[in-house]
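Colleague: My structure is below; once you've seen it, I'll send some questions.
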Amino acid sequence: MSNESPSPTESTADHHHDVATPHATSASGPDFEPATAEELVTSKISPEEFPGEEYEDADYEDDDGEDAPLFKTVPNLPDLRKAGPLGLDHPLPAGRYGDRELSWMQFNERVLEQAEDPKLPLLERAWFTTIFTSNLDEFYMVRVAGLKRRIAAGIARTSASGLTPRQVLDGISERAQDLCARQAQFVQDELLPALADEGLRLRHWSNLSDAERDKLHGFFRKQIFPILTPLAVDPSHPFPYISGLSLNLAVVLRNPLTGKQHFARVKVPESLPRLVCIEHVTRAISPEDAIDSRQGASFVPIEDIIGAHLDHLFPGMEILEHHTFRLTRNEDLEVEEDDAENLLTAMEKELLRRRFGPAVRLEVAEGITPVVRAFLLAKLEIGADDVFTLPEPLDLTCLNELHDLDIRRLKYPGFVPATAHGLAEVESATPTDIFAAIRAGDILLHHPYDSFSTSVQHFVTTAAKDPRVRSIKQTLYRTSSDSPIVSALIEAAQSGKQVLAIVEIKARFDEDANIEWARQLERAGVHVVYGMVGLKTHCKLSMAVREEADGMHRYCHVGTGNYHPKTARGYEDLGLLTCDPDVAQDLTRLFNQLSGYAPRTSFHRLLVAPRTIRPGLIERIEREAANKQAGKEAYIGIKVNSLVDEAVTDALYRASQAGVSIDIVCRGICTIRAGVKGLSENIRVRSILGRFLEHSRIYAFANGGDHEVWIGSADLMHRNLDRRVEALINIKDPAMIAELYDLVRREASPSVPSWHLRRSGTWKRHQATKGGEPLDDIQDVLMAQANARMTGR
Numbered sequence: 001m002s003n004e005s006p007s008p009t010e011s012t013a014d015h016h017h018d019v020a021t022p023h024a025t026s027a028s029g030p031d032f033e034p035a036t037a038e039e040l041v042t043s044k045i046s047p048e049e050f051p052g053e054e055y056e057d058a059d060y061e062d063d064d065g066e067d068a069p070l071f072k073t074v075p076n077l078p079d080l081r082k083a084g085p086l087g088l089d090h091p092l093p094a095g096r097y098g099d100r101e102l103s104w105m106q107f108n109e110r111v112l113e114q115a116e117d118p119k120l121p122l123l124e125r126a127w128f129t130t131i132f133t134s135n136l137d138e139f140y141m142v143r144v145a146g147l148k149r150r151i152a153a154g155i156a157r158t159s160a161s162g163l164t165p166r167q168v169l170d171g172i173s174e175r176a177q178d179l180c181a182r183q184a185q186f187v188q189d190e191l192l193p194a195l196a197d198e199g200l201r202l203r204h205w206s207n208l209s210d211a212e213r214d215k216l217h218g219f220f221r222k223q224i225f226p227i228l229t230p231l232a233v234d235p236s237h238p239f240p241y242i243s244g245l246s247l248n249l250a251v252v253l254r255n256p257l258t259g260k261q262h263f264a265r266v267k268v269p270e271s272l273p274r275l276v277c278i279e280h281v282t283r284a285i286s287p288e289d290a291i292d293s294r295q296g297a298s299f300v301p302i303e304d305i306i307g308a309h310l311d312h313l314f315p316g317m318e319i320l321e322h323h324t325f326r327l328t329r330n331e332d333l334e335v336e337e338d339d340a341e342n343l344l345t346a347m348e349k350e351l352l353r354r355r356f357g358p359a360v361r362l363e364v365a366e367g368i369t370p371v372v373r374a375f376l377l378a379k380l381e382i383g384a385d386d387v388f389t390l391p392e393p394l395d396l397t398c399l400n401e402l403h404d405l406d407i408r409r410l411k412y413p414g415f416v417p418a419t420a421h422g423l424a425e426v427e428s429a430t431p432t433d434i435f436a437a438i439r440a441g442d443i444l445l446h447h448p449y450d451s452f453s454t455s456v457q458h459f460v461t462t463a464a465k466d467p468r469v470r471s472i473k474q475t476l477y478r479t480s481s482d483s484p485i486v487s488a489l490i491e492a493a494q495s496g497k498q499v500l501a502i503v504e505i506k507a508r509f510d511e512d513a514n515i516e517w518a519r520q521l522e523r524a525g526v527h528v529v530y531g532m533v534g535l536k537t538h539c540k541l542s543m544a545v546r547e548e549a550d551g552m553h554r555y556c557h558v559g560t561g562n563y564h565p566k567t568a569r570g571y572e573d574l575g576l577l578t579c580d581p582d583v584a585q586d587l588t589r590l591f592n593q594l595s596g597y598a599p600r601t602s603f604h605r606l607l608v609a610p611r612t613i614r615p616g617l618i619e620r621i622e623r624e625a626a627n628k629q630a631g632k633e634a635y636i637g638i639k640v641n642s643l644v645d646e647a648v649t650d651a652l653y654r655a656s657q658a659g660v661s662i663d664i665v666c667r668g669i670c671t672i673r674a675g676v677k678g679l680s681e682n683i684r685v686r687s688i689l690g691r692f693l694e695h696s697r698i699y700a701f702a703n704g705g706d707h708e709v710w711i712g713s714a715d716l717m718h719r720n721l722d723r724r725v726e727a728l729i730n731i732k733d734p735a736m737i738a739e740l741y742d743l744v745r746r747e748a749s750p751s752v753p754s755w756h757l758r759r760s761g762t763w764k765r766h767q768a769t770k771g772g773e774p775l776d777d778i779q780d781v782l783m784a785q786a787n788a789r790m791t792g793r
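Start counting the sequence shown at 1; every next residue gets the next number (full-length UniProt numbering).
Below is the structure:
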């Protein structure tokens, strides 16, 4: 969203790994056994209630009581009853993993269900519609493109789910076609009529009045025509390059003198609004004022206006037909870091190459003639299976322009984050007071309910200005175009402070911005490094070293989200401000590892990927299993964006078999199978989508009654655990442990609206009580608590 939309792009995983890894079994489990053909038949699994909660069997089976197939053209998930008795002493069965790509398709279906939800404000439904589109765009640019590339090169392998690469690709194509058709029907039949009822009408050139057309003629001549470039295709004009995600018109012309037909392409300019407000053009009033009037406001897609004026672009030619189309290209990056003397230069070259990646998807408007369609397929070298025929307008991200309008009655109610506990009394005090607040005790931050600007941003900007701060060290993965964090680092360096910035220039689709920030930081005198060869630096760390009366003190922030003030208002994340000496020592060591050479670094309160997060979590999962068998308190609560890693999954299966109650709150990809008798009947999986993008990661363990909680940047995916520098921090404050422990349990509770993962691998939305009463949205509850803090001061 593409859902890092919100960025939905956070849900799209790294493209280099869609196969089983050497970690495909747990430390205590036997070897992986491949599924047989007979096992690839799904049948009904006997109902089993989960212990400790009130669950309905129907919540975990399909509506007809059968475990129906997920897809028509790929094998079903195996019926695990046929794998034999399941117990701690038996091998874990084949077919115990779902497929990560097809699970992502299910995640994007949940985004579409948000758009279809009539209880949401209308413009927010339009917003979720755009997130669905941008999510799918990125998925095709990265995951589908990578899969196609590996198949073509003959290096693709069967995934951990047991599906072949071709089966996965067929499943993606089937679901993508179905979901895009469903989205189009929803937009045409429900969303656009509902918007029209509220005064926002999307209109086409054919149903405009003569007076409206006259006004738009002038707008075309003055605003659009000067920047258009018609490109002919003939022996002297080769077929033009079509940039990825650009909207285009395919035009068929005839020369009246020769009778010969020609093809031309016109690119729809990206520098102009996609939706042109007629009232703004004709009467110079704002769209908001027009909507508030009795007449409402009319919006015409700019491609409609261009299509009606093609005779201006091709004077003397007959316009026979024109159709809109949109191309998606492979925009994944491949940089051999070991061979790159300067990673920054190598990235810049690779970004230039990415523009010309092979085509992976073609969207065409309904009504396109077979001849034009075939011509585009041939010239773009794309197969018929990768063509999506959809009603206009194509590229529904244009609805963002409606969502951006200031029409409060059609949006979520306004929300102002509160200043976090422990910082409220210093919000408007002297800059150094934030250090006194941190010295008084650790401060847990929960964004966006706790303000980012009065906590993390204030911490960094204060450190930059404070004359007693001697050094600042900071990781940057994604940040805003006008980042106050980066500006603070520049100011600090220019004032003589020692500043280190770990800039991850390989952050997908933020590479250009991060390269520019790296250049600016270097020019200001900041020590800029790009992390470790072969690894992305994804951990969220900040440290200020301050000279005080009793010596040097190190103030630290460890978080789950990016140092990005804009997304901090729409992403749910956690962070910890602390001056604990152990944490300070850990961050110092980790920064030194990132900027220098320290391969044998050890840590007090951190688990750090790629070395210790996977084994550290598995050790704690196995401890819970042992505690359960010893009669001690045992519980595992996990909140992540994605869960794919086979080794962690197997450890969770073994813990479930031992009787441990396990709650998993997973927003995006989830390949674990929940509720299977003898394997995972103690595992409950929930997915929460809402106003804010659920982005935090929490790992909670009962630990025999001495509860243990970790937060940090790492999801349970191969990329996070093997190919990134990630950090989890152990929370020590008892009140904070209780708060986070409770948060996971609340979000997994049946009393919170969410999607439930069923035995069949499908998801069921759960929004109301048995009596039909709506459940209390967890985000609404947390916003109300933040508002209470604001009004209570």
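Heads up, the beta-carbon is just placed ideally off N, CA and C, and yes, glycines get one too.
Expressed to the nearest angstrom, what Euclidean distance is found between the alpha-carbon atoms of residue 634 and residue 659?
Modeller: If you take the alpha carbons of residue 634 and residue 659, they lie about 9 angstroms apart.
Colleague: Sorted by chain position, which residues of the same chain lie with C-beta nearer than 8 angstroms to residue 203's C-beta, five sequence neighbours on each side aside?
Modeller: Within the same chain, residue 203 has close Cβ partners 278, 298, 299 and 300.
Colleague: Going residue by residue through the region 700-752, where are the continuous alpha helix (DSSP H) segments of at least 4 residues, counting only ones entirely within it?
Modeller: Fully enclosed alpha helix (DSSP H) runs of 4 or longer: 718-722 and 734-748.
Colleague: Which residue from 195, 282, 171 and 241 puts its Cα closest to that of residue 211?
Modeller: Comparing Cα-Cα distances from residue 211 to each of 195, 282, 171 and 241, the minimum goes to 282.
Colleague: Measure from the alpha carbon of residue 324 to the alpha carbon of each residue in 284, 683, 724 and 245, then state which is nearest.
Modeller: Measuring from the Cα of residue 324, the nearest candidate turns out to be 245.
Colleague: For residue 167, is the classification buried or exposed, using 16 other Cβ atoms within 10 angstroms of its Cβ as the cut-off for buried?
Modeller: It is buried - the Cβ of residue 167 has at least 16 other Cβ atoms within 10 Å.
Colleague: Of the residues 140, 304 and 117, which one's Cα is nearest the Cα of residue 880?
Modeller: Shown here, the chain extends from 1 to 793; a query on residue 880 therefore has no answer.
Colleague: State yes or no: is the C-beta of residue 670 within less than 8 angstroms of the C-beta of residue 728?
Modeller: Against a cut-off of 8 angstroms, the Cβ pair of residue 728 and residue 670 comes out as no contact.
Colleague: Quick check: what's the CA-CA separation for residue 328 versus residue 138?
Modeller: Spanning the two alpha carbons is a distance of roughly 9 angstroms.
Colleague: Does the Cβ of residue 406 have 16 or more other Cβ atoms within 10 Å, making it buried, or fewer, making it exposed?
Modeller: Exposed, by the Cβ-count rule.
Colleague: Look up residue 467 in the DSSP assignment and say whether it is helix, strand or coil.
Modeller: In the structure shown, residue 467 sits in coil (DSSP, three-state: anything other than H, G, I, E or B).
Colleague: Just checking my contact of residue 684 with residue 698 at CB under 8 angstroms: how many whole Å lie between their CB atoms?
Modeller: That pair is no contact at about 15 angstroms.
Colleague: Could you say which of 627, 594 and 436 lies nearest to residue 536 if we only look at CA atoms?
Modeller: The residue with the shortest Cα to Cα distance from residue 536 is 594.
Colleague: Could you check the C-alpha separation between residue 180 and residue 522 for me, to the nearest Å?
Modeller: Rounded to whole angstroms, residue 180 to residue 522 spans 45 angstroms at the Cα level.
Colleague: Keeping to the same chain, check which residues put their C-beta closer than 6 angstroms to that of residue 569; ignore five residues upstream and five downstream.
Modeller: Same-chain partners within the cutoff: 448.
Colleague: Beta carbon of residue 565, beta carbon of residue 467: below 8 angstroms?
Modeller: Contact flag unset, no.
Colleague: Buried or exposed for residue 563, going by 16 or more other Cβ atoms inside 10 Å?
Modeller: Under this definition residue 563 is a buried residue.
Colleague: Whose C-alpha, out of 237, 216, 226 and 373, is nearest the C-alpha of residue 304?
Modeller: For residue 304, the nearest C-alpha among the options comes from 216.
Colleague: So, helix, strand or coil for residue 295, using DSSP?
Modeller: Here residue 295 sits in coil by DSSP.
Colleague: Give the straight-line distance between the Cα atoms of residue 785 and residue 453, rounded to the nearest whole angstrom.
Modeller: C-alpha separation (whole angstroms): 19 angstroms.
Colleague: Could you tell me the alpha carbon to alpha carbon distance between residue 284 and residue 531, rounded to whole angstroms?
Modeller: So the two alpha carbons sit approximately 51 angstroms from each other.
Colleague: Leaving out five residues before and five after residue 320 in sequence, what residues of the same chain have Cβ atoms less than 8 angstroms from its Cβ?
Modeller: Excluding residues within five positions, the ones whose Cβ falls inside 8 angstroms are 252, 253, 254 and 261.
Colleague: Taking only the alpha-carbon atoms, compute the straight-line gap between residue 464 and residue 607 and give it to the nearest angstrom.
Modeller: So the alpha carbons of these two residues sit roughly 28 angstroms apart.
Colleague: In terms of residue numbering, what span does the beta strand (DSSP E) encompassing residue 670 cover?
Modeller: Element bounds for residue 670: n/a, residue is neither H nor E.
Colleague: Would you kindly check if the distance between the Cβ of residue 581 and the Cβ of residue 721 is under 8 angstroms?
Modeller: No, Cβ-Cβ distance for residue 721 and residue 581 is not below 8 angstroms.
Colleague: Compute the beta-carbon to beta-carbon distance between residue 231 and residue 184, rounded to the nearest angstrom, for a pair I have assumed lies under 8 angstroms.
Modeller: Rounded, the Cβ-Cβ distance is 28 angstroms, inconsistent with contact.
Colleague: If you compare alpha carbons, which of 576, 548 and 631 is closest to residue 557?
Modeller: When only C-alpha atoms are compared, the closest one is 576.
Colleague: Please name the residue in 648, 422 and 691 whose C-alpha comes closest to that of residue 672.
Modeller: When each option's Cα is compared against that of residue 672, the closest is 648.
Colleague: Tell me, please, whether the region 394-410 touches the region 99-114 by the rule of three or more beta-carbon pairs shorter than 8 angstroms.
Modeller: Cβ pair count under 8 angstroms is below three, so no.
Colleague: Does the count of Cβ pairs from the region 402-422 and the region 374-391 closer than 8 angstroms reach three?
Modeller: Result no; under three Cβ-Cβ pairs closer than 8 angstroms.
Colleague: Take the Cβ of residue 162 as the centre, count every other Cβ of all protein chains shown within 10 Å, and call the residue buried at 16 or more, exposed below.
Modeller: Buried: at least 16 other Cβ atoms inside 10 Å.
Colleague: Can you tell me whether DSSP reads residue 650 as helix, strand or coil?
Modeller: In this structure, residue 650 counts as helix in the three-state DSSP scheme.
Colleague: By how many angstroms is the C-alpha of residue 125 removed from the C-alpha of residue 815?
Modeller: Outside the modelled stretch of the chain, which goes from 1 to 793, sits residue 815, for which no answer is possible.
Colleague: Go ahead and pull the three-state DSSP assignment for residue 687.
Modeller: Strand, per DSSP.
Colleague: If I measure Cβ to Cβ from residue 239 and keep anything under 6 angstroms in the same chain, skipping five residues before and after, which residues do I get?
Modeller: Around residue 239: 233 and 379.
Colleague: Roughly how many angstroms separate the alpha carbons of residue 811 and residue 190, rounded to a whole number?
Modeller: Residue 811 cannot be examined here, being either before or after the span of the chain that is shown, 1 to 793.
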